[in-house]
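K.L.:
Structure incoming, see below.
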Amino acid sequence: MLRMILVRLALTVPILLGVSIVAFGLMRALPGDFVLAAAGTNTVSQEVIDTTRRQLGLDRPIWEQYGIWLQNALSGDLGTSFATKKPVVSELLPRLAVTAELTLMAGLTALAFGATTGLASARLRGRTDWAVRGLNSLLLAVPNFVIATLIVLLFGLYFPTIGIFNYVPFAKDPLGNIVSLLLPAISLALTVSVTVSENTRAAVLEVSSQDYVMVARAKGLLARTILGNYLVRNALTPVITVTGLQLAALLGGSILIETIFTIPGMGQYLFDSVTRRDYPVIQGIVLVSSTIVLLMNVLVDIAYARVDARVSYE
Amino acid sequence: MSEPAPRPRHRGQVMVAVGVAMLATLILIMILGPSIAPYSPSATSPNSLDGPTAAHWLGTDSIGRDLLSRLIVGGRGTLTITFVAVALALTAGLILGLTSGYIGGKVDLIIMRLLDVVFAFPVFLLAIAVVAALGPTVKNLILTIAIVYTPAMARVVRAPVLSIKRWDHVEAARSVGVGEFAIALRHVLPMAISPILVQTSLILANTIFTVTALSFLGLGPPPPDPNWGSMLAEARQFMELAPLTVIGPAVAIVFASLTFIVLANGLREMLDVGSR
Amino acid sequence: MLEVRDLTATFNREGTPSQVVNRIAFDIAPGEAVGFVGESGSGKSVTARAVMRLAPEGSSIAWGGRILFKGQDLLALDERQMRDVRGRRIAMVFQDPMASLNPVMTVGQQIDDMLMRHMGLSQGAARKRTIELLAQVGIRDPEIRADDYPHQFSGGMRQRVLIAIAVSCQPDLLIADEPTTALDVTVQAQILRLLMRLRKEIGMALMLITHDFGVIAGMVERVYVMHRGDIVESGQVDALFADPKHDYTKALLAAVPRIETARRSA
Numbered sequence: 014m015l016r017m018i019l020v021r022l023a024l025t026v027p028i029l030l031g032v033s034i035v036a037f038g039l040m041r042a043l044p045g046d047f048v049l050a051a052a053g054t055n056t057v058s059q060e061v062i063d064t065t066r067r068q069l070g071l072d073r074p075i076w077e078q079y080g081i082w083l084q085n086a087l088s089g090d091l092g093t094s095f096a097t098k099k100p101v102v103s104e105l106l107p108r109l110a111v112t113a114e115l116t117l118m119a120g121l122t123a124l125a126f127g128a129t130t131g132l133a134s135a136r137l138r139g140r141t142d143w144a145v146r147g148l149n150s151l152l153l154a155v156p157n158f159v160i161a162t163l164i165v166l167l168f169g170l171y172f173p174t175i176g177i178f179n180y181v182p183f184a185k186d187p188l189g190n191i192v193s194l195l196l197p198a199i200s201l202a203l204t205v206s207v208t209v210s211e212n213t214r215a216a217v218l219e220v221s222s223q224d225y226v227m228v229a230r231a232k233g234l235l236a237r238t239i240l241g242n243y244l245v246r247n248a249l250t251p252v253i254t255v256t257g258l259q260l261a262a263l264l265g266g267s268i269l270i271e272t273i274f275t276i277p278g279m280g281q282y283l284f285d286s287v288t289r290r291d292y293p294v295i296q297g298i299v300l301v302s303s304t305i306v307l308l309m310n311v312l313v314d315i316a317y318a319r320v321d322a323r324v325s326y327e
Numbered sequence: 065m066s067e068p069a070p071r072p073r074h075r076g077q078v079m080v081a082v083g084v085a086m087l088a089t090l091i092l093i094m095i096l097g098p099s100i101a102p103y104s105p106s107a108t109s110p111n112s113l114d115g116p117t118a119a120h121w122l123g124t125d126s127i128g129r130d131l132l133s134r135l136i137v138g139g140r141g142t143l144t145i146t147f148v149a150v151a152l153a154l155t156a157g158l159i160l161g162l163t164s165g166y167i168g169g170k171v172d173l174i175i176m177r178l179l180d181v182v183f184a185f186p187v188f189l190l191a192i193a194v195v196a197a198l199g200p201t202v203k204n205l206i207l208t209i210a211i212v213y214t215p216a217m218a219r220v221v222r223a224p225v226l227s228i229k230r231w232d233h234v235e236a237a238r239s240v241g242v243g244e245f246a247i248a249l250r251h252v253l254p255m256a257i258s259p260i261l262v263q264t265s266l267i268l269a270n271t272i273f274t275v276t277a278l279s280f281l282g283l284g285p286p287p288p289d290p291n292w293g294s295m296l297a298e299a300r301q302f303m304e305l306a307p308l309t310v311i312g313p314a315v316a317i318v319f320a321s322l323t324f325i326v327l328a329n330g331l332r333e334m335l336d337v338g339s340r
Numbered sequence: 040m041l042e043v044r045d046l047t048a049t050f051n052r053e054g055t056p057s058q059v060v061n062r063i064a065f066d067i068a069p070g071e072a073v074g075f076v077g078e079s080g081s082g083k084s085v086t087a088r089a090v091m092r093l094a095p096e097g098s099s100i101a102w103g104g105r106i107l108f109k110g111q112d113l114l115a116l117d118e119r120q121m122r123d124v125r126g127r128r129i130a131m132v133f134q135d136p137m138a139s140l141n142p143v144m145t146v147g148q149q150i151d152d153m154l155m156r157h158m159g160l161s162q163g164a165a166r167k168r169t170i171e172l173l174a175q176v177g178i179r180d181p182e183i184r185a186d187d188y189p190h191q192f193s194g195g196m197r198q199r200v201l202i203a204i205a206v207s208c209q210p211d212l213l214i215a216d217e218p219t220t221a222l223d224v225t226v227q228a229q230i231l232r233l234l235m236r237l238r239k240e241i242g243m244a245l246m247l248i249t250h251d252f253g254v255i256a257g258m259v260e261r262v263y264v265m266h267r268g269d270i271v272e273s274g275q276v277d278a279l280f281a282d283p284k285h286d287y288t289k290a291l292l293a294a295v296p297r298i299e300t301a302r303r304s305a
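Below you can see the structure in the form of C-alpha cells.
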C-alpha cells in the first residue's frame, strides 16, 4: 500500500515539473510585455524598463530565472502582484478558501443530484431512463455561465428581495455564507452532475447484474435493504471516484461562476488579474490549481485502491 | 417488468439524423450569415434596449443594433473558431496519437508524458492563461483551444491503435510489403474511426463552451465583431432594462452545444462505442 | 410438498417472446432429494428460478402454469408474500460462490440480515446464531471469521457461507443450482457431503440442478432429465443409470466417464 502511494506520487513529480515549466514559460514568452505590465504602463522610458528588468531578475539567463522562480514557489513564495505590490500567496490563500468552499458545495450538490437521477434511471428504466438521459443531454448543453446568468436574471428580476447575490463571508455569518453560495454552487454543479449521473447509471446497472444481488433477492430481503446494502453501497465507490475527478472542471467553472455572482474567490481573482495583466498572479493561480488537481487525482487513486482491495475478487 | 425499449442501434440512427439536421441548420446560418440577417449587425438605431418587436424579433442592444442580425453574424464567428480549432486539435491529435500508439515504446512514453503535462491543467484555466498571455485575437483563440484539446484527441486516437496494430490484417499487409506509414494510415486508422468521431463531436460541444465562455469573460475576439458569448455578457449587463435580450444568445449557445451532444450520443449508440 | 404443473417460462427479448420451458410437471416430496440434469440451455436453471420466482435482473420473463407449494400456488402470490417464501420456506444456493457474496459487507452481516428479516431476531441474537451456522458448515474460528469480508475467503469457504445463508432459516426446500461447478474437484466432494449432512439435520427437501450425472450419483433418489425446455425422462436414479430410455439421457451418461469415481468420492 505504502509502496503504491510512493510510486503514484513519484509519477506525479515529472508532471508537476512540466506544469511548472508551462506556467513559468507562458508568462515569460511575452515579447517585452512582461516588463511593461510590471511597470504598470505602456509608455515608459528605457531607463525604467532596465531597472524593472533588473529588479525582476529578467536580465539573467532564462533557466536561471526559472530555477529561482521554482525555488521560491516551493518555499511558498509566488512573487509579488504587479497591481497591489503584495505577495501573491497572501492574496491567494483567503480566495482559495472561498473557492474551495464553493467547489466542495458544488461537488456535493452534483453528487447528490447526479447519483439520484442516475439511480432512478438505472432502477426504474423505461420512461424514467429516457427522461433522465434527455435531461442529462440538455444539462450538458447548457454551459454553467448560461445557467448562472439565467438564475441571476430570474432571481434578480423577479425575486429581488431575497438578495442572495451578496456574498457573505463565512467568518461574519456562517449560515448566511452557505446560503449566499447556494445558487452559485447549483449553477456550477449541474454540468458536473451529468457525469455523475451517467456513471451512477452505469455502475448501478453493472452492480444489478451481479450474482450477489440475485442472492439478496433469493434471501427474501426487503427491497429497501437490497437497494441500500447491496446496490448503492457497491455502486457508490466508482461514483465518488468520478466525482473527485471532476475537480478540474469545477475549478475551471468557478472562474465564470465567481465572476457572475461576484464571489471573491480564486476564479474572480484570476479574472481580475487577466484584465489587469497581473502576470505573477496568473502564474501562481495556474500553478496552484494544477497542483491541487494533480494531488486530488492521486488521492482519488489511492482511496480507490484501498477500497478496491475489498471489492476486487481473487 | 419493463416496457420494451427501442433497440440502441435504431435509436442511435434517429439521434444522428436529428443531430445532422441541427448541424446543417448551424452550417447554413454560418454560410449565409450576413445575407439572411435582416439588418447589418453594426447598424445602430435610436430604439436601444428594446424587447422583441415586429421589426426586431429578438430586440435591440444598448446602441440599438438588431440582436437577431448580430446573433446570425455572431454565429459565423463562434462556429468558425470552433470548427477551425477542433480541426487543428484533431489533426495534431491524429498525428500524435497515431505516432505514439503505432510506434509504441519510448516514443509513446515521451509523447504521452508530454501530453500528461497539458492534461494536468484544468482546461478552462489553461485556456484563460494562454489567451491572457497571447492576447485575445481570433488567431490566438483558435490556437489556444487547439492546444488544450489536443491531448484528449491524441488519447482517443492512441487507445484503439494500440490494439488494432496487432490484428492479423496488419501483419498480412506488412507481409506483402506495404510500408509502415501506409499501414498506419490505411489499415490501422480506419478501424479506429468510431471512437474518434464520437470524441470529436463531444470536443466540439466543449469548444462551443470554451469559446463562448472566453468571450463572455471579455477574452473573445475583439469588438465590434458580434459573438454569442460577449452578447450574453452584454445582455446580462443591461438585464434590468431589457431582460429578454438574454434569450437570443443563451438559446443559440445551448442549441449549438446540444447539436454536438446529440450527435455524439447518437454516434455512440449507432457505432456501438463503449461510453468510456 | 411441491407440485409443479404445466410450468412455462417465456422470455421477452426486444418484443419477440421465446419459450424456454414447455409445460413441464414434476413433484418433490418433503425431505426428498431430487436431481435435475441437462446441458446449459436445457431450461433447468430457469425451472429452478421459477420456483423462487426470480427473473434475471433487467430481463422480462413470464411464467405460466401452477407451482403448488404445500397446496398454495406460488405464481398467484403477490411480490410481498413471495418475499416471505424466499429464504424462509424455499432457499437457494447459486453456481458461482466467487460472485455471490456482497463484497462490501462482512460475511457475518450477510447471514445476520437474513435471520433478522425472517426470524425476527435482534442484532445480537442473530449474530449468535450466525456463528453457530458458520460452525455448522465447517468454518473454523467462526467468531473471528464472521467479521471478515468475502475476499478473505477461498471459493470453497464462500460456498460454505452461502450454504449457511441458505439453510439459516431452516427452509422446507433447498434449491442448489450447480453448487459445485465453479469449484475444485476435491472441494466439490466436500460441498456435496455438506449438503447431504445438512439435508438430514434440517430435514429439508433438496432440488439439485446440475449438468453432471456424476454429481447426482449418491446424492438424490429421483432424477428429471431436461432437454430444450422439456422433461424427457424421469425416474429412480439407479434405474435410470442402469437403463436409460431416452437417447439424450444416454448421451449425457456417456459424457461422464468418471461417474464411478465421482460416485465413490461423493
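Protein chains in written order, with my numbering: chain A, 14 to 327; chain B, 65 to 340; chain C, 40 to 305. The beta carbon of each residue, even a glycine, is placed where N, CA and C say it ideally should be.
1) Looking at the C-beta of A:Leu39, does it have a partner C-beta in chain B at a distance below 9 Å?
2) Would you mind working out which of A:Val145, A:Ala96, A:Ile270 sits nearest A:Phe212, comparing C-alpha positions?
3) 9 Å is my cut-off, CB to CB: does B:Ile159 come that close to chain A?
4) Leaving out five residues on either side along the sequence, give the residues of the same chain with a beta carbon under 6 Å from the beta carbon of A:Gly189.
5) Here's the rule: buried if 16 or more other CB atoms are within 10 angstroms of the residue's CB, otherwise exposed. What is A:Met17?
6) Between B:Ala277 and chain A, is any beta-carbon pair separated by less than 9 Å?
7) Within this structure, are the beta carbons of B:Val137 and A:Ser150 separated by less than 9 Å?
8) Nearest by alpha-carbon distance to B:Ile228: which of B:Ala256, B:Val78, B:Ile209 is it?
9) Is it buried or exposed for A:Lys232, if we count other Cβ within 10 angstroms and need 16 for buried?
10) Specify, as a first and last residue, the run of the beta strand (DSSP E) that C:Phe133 falls within.
11) So does the region 180-187 of chain B actually touch the region 316-326 of chain B, counting three or more Cβ pairs closer than 8 Å?
12) Can you name the residues that DSSP bridges to C:Asn51?
13) Would you kindly work out how many angstroms separate the C-alpha atoms of B:Asn291 and A:Leu132, rounded to a whole number?
14) Determine the chain A residues that contact B:Val194 at a beta-carbon separation under 8 Å, and present them in chain order.
15) So which residues on chain B does A:Gly169 lean against when the C-beta distance must stay under 8 Å?
16) Expressed to the nearest angstrom, what Euclidean distance is found between the alpha-carbon atoms of B:Leu198 and A:Thr208?
17) Quick check on C:Met243: does DSSP put it in helix, strand or coil?
18) Can you list, in chain order, the residues of its chain with a C-beta nearer than 6 Å to that of B:Leu364? Leave out the 5 residues immediately preceding and following it.
19) Give a yes or no on whether 9 Å exceeds the smallest Cβ distance from A:Lys232 to chain C.
20) Among A:Ile305, A:Leu307, A:Ala318, A:Ile298, whose alpha-carbon lies nearest the alpha-carbon of B:Val194?
21) Name the residue from A:Leu308, A:Ala86, A:Leu148 whose alpha carbon lies nearest to the alpha carbon of A:Pro293.
22) CB-CB under 8 Å to C:Met153, same chain, minus the five flanking residues each way: which ones, in chain order?
23) At a cut-off of 8 Å, would you count C:Ile100 as near the ligand SAM, judging by its Cβ distance to the nearest heavy atom?
24) If you count every other CB in all the chains shown that lies within 10 Å of the CB of C:Arg236, and 16 or more means buried, which is it?
25) Using the C-alpha atoms, what's the distance from C:Gly97 back to B:Thr309?
26) In angstroms, rounded to a whole number, what distance separates the CA positions of B:Pro313 and A:Leu117?
27) Would C:Val85 pass as an interface residue toward chain A - the criterion being a Cβ-Cβ separation below 9 Å?
28) For B:Asn329, would you say it is in contact with chain A, using Cβ-to-Cβ distances shorter than 9 Å as the test?
29) With H, G and I counted as helix, E and B as strand and the rest as coil, what does DSSP make of A:Tyr180?
30) Could you please tell me which residues of the region 167-192 of chain B, in chain order, have their CB closer than 9 Å to any CB of chain A?
31) Hey, would you say B:Val214 sits closer than 9 Å to B:Ala153, going by beta carbons?
32) Taking its Cβ as the centre, do 16 or more other Cβ atoms sit within 10 Å of B:Leu92, making it buried, or is it exposed?
33) Which residue spans inside the region 180-239 of chain C form an unbroken alpha helix (DSSP H) run of at least 4?
34) From B:Thr163 to A:Ser302, what distance separates their C-alpha atoms?
35) Kindly list the residues whose CB is nearer than 6 Å to the CB of B:Gln263, restricted to its own chain and excluding five residues on each side of it in sequence; keep chain order.
36) For a contact meaning CB atoms closer than 8 Å, what does B:Arg219 contact in chain A?
P.N.:
So, from the data block:
1) Looking up residue 39 of chain A in the first sequence gives position 26. Chain B, which has a Cβ nearer than 9 Å to the Cβ of A:Leu39, makes this yes.
2) By one-based count along the first sequence, residue 212 of chain A stands at place 199. For the record, residue 212 of chain A in the displayed sequence is Asn; it is not Phe. Closest by alpha carbon: A:Val145.
3) The residue you call residue 159 of chain B lines up with position 95 of the second sequence. So no, B:Ile159 is outside the interface.
4) Sequence index remark: in the first sequence, residue 189 of chain A carries index 176 (1-based). Same-chain partners within the cutoff: Val181.
5) Locating residue 17 of chain A in the first sequence gives position 4, where the first residue counts as 1. Its Cβ having fewer than 16 others within 10 Å, A:Met17 is exposed.
6) The sequence position of residue 277 of chain B within the second sequence is 213, counting from 1. It does: the Cβ of B:Ala277 has a partner Cβ on chain A nearer than 9 Å.
7) For the purposes of this step, residue 137 of chain B is taken as residue 73 along the second sequence, with counting starting at 1. For the purposes of this step, residue 150 of chain A is taken as residue 137 along the first sequence, with counting starting at 1. No. Outside cutoff.
8) For the purposes of this step, residue 228 of chain B is taken as residue 164 along the second sequence, with counting starting at 1. The shortest Cα separation from B:Ile228 among B:Ala256, B:Val78, B:Ile209 belongs to B:Ala256.
9) By 1-based counting over the first sequence, the position of residue 232 of chain A is 219. Result: buried.
10) Taking the first residue of the third sequence as 1, we reach residue 133 of chain C at position 94. Counting along the chain, C:Phe133 falls outside any beta strand (DSSP E), and DSSP gives it neither H nor E.
11) no
12) The sequence position of residue 51 of chain C within the third sequence is 12, counting from 1. C:Asn51 is bridged to C:Pro56, C:Ser99.
13) The sequence position of residue 291 of chain B within the second sequence is 227, counting from 1. The sequence position of residue 132 of chain A within the first sequence is 119, counting from 1. Rounded to whole angstroms, B:Asn291 to A:Leu132 spans 39 Å at the Cα level.
14) Stepping through the second sequence from its first residue, residue 194 of chain B is reached at position 130. Leu39, listed in chain order.
15) Indexing the first sequence from 1 puts residue 169 of chain A at position 156. Going along chain B in sequence order, the residues near A:Gly169 (Cβ under 8 Å) are Met303, Glu304.
16) On the second sequence, residue 198 of chain B is found 134 positions in, with the first residue counted as 1. On the first sequence, residue 208 of chain A is found 195 positions in, with the first residue counted as 1. Taking the straight line joining both Cα atoms gives about 32 Å.
17) As a position in the third sequence, residue 243 of chain C is number 204, starting the count at 1. In this structure, C:Met243 counts as coil in the three-state DSSP scheme.
18) Within the shown structure, residues of chain B are numbered from 65 to 340, placing residue 364 of chain B beyond reach of any answer.
19) Along the first sequence, read from residue 1 onward, the residue named residue 232 of chain A stands at position 219. Closer than 9 Å to some Cβ of chain C, the Cβ of A:Lys232 qualifies, so yes.
20) The residue you call residue 194 of chain B lines up with position 130 of the second sequence. Ranking A:Ile305, A:Leu307, A:Ala318, A:Ile298 by Cα distance to B:Val194 puts A:Ile298 first.
21) For the purposes of this step, residue 293 of chain A is taken as residue 280 along the first sequence, with counting starting at 1. When only C-alpha atoms are compared, the closest one is A:Ala86.
22) Here the question's residue 153 of chain C lines up with position 114 in the third sequence. Gly126, Ile204, Ser207, Cys208, listed in sequence order.
23) This structure lacks the ligand SAM; in fact it carries no ligand of any kind.
24) Numbered from 1 along the third sequence, position 197 holds the residue referred to as residue 236 of chain C. Answer is exposed; the Cβ neighbour count stays below 16.
25) Residue 309 of chain B sits at position 245 when you count from the first residue of the second sequence. Residue 97 of chain C sits at position 58 when you count from the first residue of the third sequence. Roughly 47 Å between the two C-alpha positions.
26) Position 249 of the second sequence, counting from 1, holds the residue named residue 313 of chain B. Position 104 of the first sequence, counting from 1, holds the residue named residue 117 of chain A. Their backbone Cα atoms lie some 30 Å apart in a straight line.
27) In the third sequence, counting from the first residue as 1, residue 85 of chain C sits at position 46. No, C:Val85 does not count as interfacial toward chain A.
28) Counting from 1 along the second sequence, the entry for residue 329 of chain B is found at position 265. So yes, B:Asn329 belongs to the interface.
29) Position 167 of the first sequence, counting from 1, holds the residue named residue 180 of chain A. A:Tyr180 falls in the coil class under three-state DSSP.
30) Arg177, Leu178, Asp180, Val181, Val182, Phe183, Ala184, Phe185, Pro186, Val187, Phe188, Leu189, Leu190, Ala191, Ile192
31) Translated into positions along the second sequence, residue 214 of chain B becomes position 150. Translated into positions along the second sequence, residue 153 of chain B becomes position 89. It is Thr, not Val, that sits at residue 214 of chain B in the sequence shown. Yes, the Cβ-Cβ distance between B:Thr214 and B:Ala153 is below 9 Å.
32) Counted from its first residue, the second sequence places residue 92 of chain B at position 28. The residue is exposed, with fewer than 16 neighbouring Cβ atoms inside 10 Å.
33) 181-184, 194-206
34) As a working mapping, residue 163 of chain B is identified with position 99 in the second sequence. As a working mapping, residue 302 of chain A is identified with position 289 in the first sequence. For B:Thr163 and A:Ser302, the distance between alpha carbons rounds to 31 Å.
35) Start at 1 with the first residue of the second sequence, and residue 263 of chain B comes out as number 199. Hits under 6 Å: Val220.
36) On the second sequence, residue 219 of chain B is found 155 positions in, with the first residue counted as 1. Result: empty, since nearest Cβ-Cβ is about 15 Å, beyond 8 Å.
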